[in-house]
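Here the sequence shown is numbered in the working numbering, starting from 4 and rising by one per residue. In what follows, a structure is listed as structure tokens, so that the remarks can point back to it.
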Amino acid sequence: MKVQYFAETDTLYIEFQDLKIVETKDLDENTALDLDANGRVCAITVEHASERTDVHRLTVEGIAA
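So this is what it looks like as structure tokens:
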């Protein structure tokens, strides 16, 4: 899993799986969901992230070994 924040565009990108994305679904005008060929969630993109999330605070819990 990878979390990236792009300050220049205020975009938060959370990648759950590094798979080939074949479809992107808009959840709303500022949120997109990327899916693979089997409909599995690969990533989510949040635009205007600093207004819609607490992007400057990251907490990680339950890391698998």
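Beta carbons: idealized from backbone N, C-alpha and C, even for Gly. Please read all numbers here as calculations on a predicted model, not as lab measurements.
Buried or exposed by the 16-neighbour rule on C-beta atoms within 10 Å, applied to residue i
i	result
residue 10	exposed
residue 12	exposed
residue 6	exposed
residue 49	buried
Beta-carbon proximity list for residue i, same chain, < 7 Å, skipping 5 on both sides
i	result
residue 30	36
residue 58	8, 15, 52
Three-state class that DSSP yields for residue i in the structure shown
i	result
residue 50	strand
residue 55	helix
Close beta carbons around residue i, own chain, < 6 Å, minus the five adjacent residues each side
i	result
residue 27	35, 37
residue 22	39, 45
Identified DSSP bridge partners for residue i
i	result
residue 6	17
Neighbourhood of residue i by C-beta, 8 Å cutoff - its chain only, sequence neighbours within 5 removed
i	result
residue 2	Since the first residue of the chain shown is 4 and the last is 68, residue 2 is not available in this structure.
Open item on the list: So within the segment 11 to 46, which uninterrupted beta strand (DSSP E) runs reach at least 3 residues, ignoring any that extend past its ends?
Closed with: For the segment 11 to 46, whole beta strand (DSSP E) runs of length 3 or above, ordered along the chain, are 14 to 18, 26 to 31, 34 to 38.
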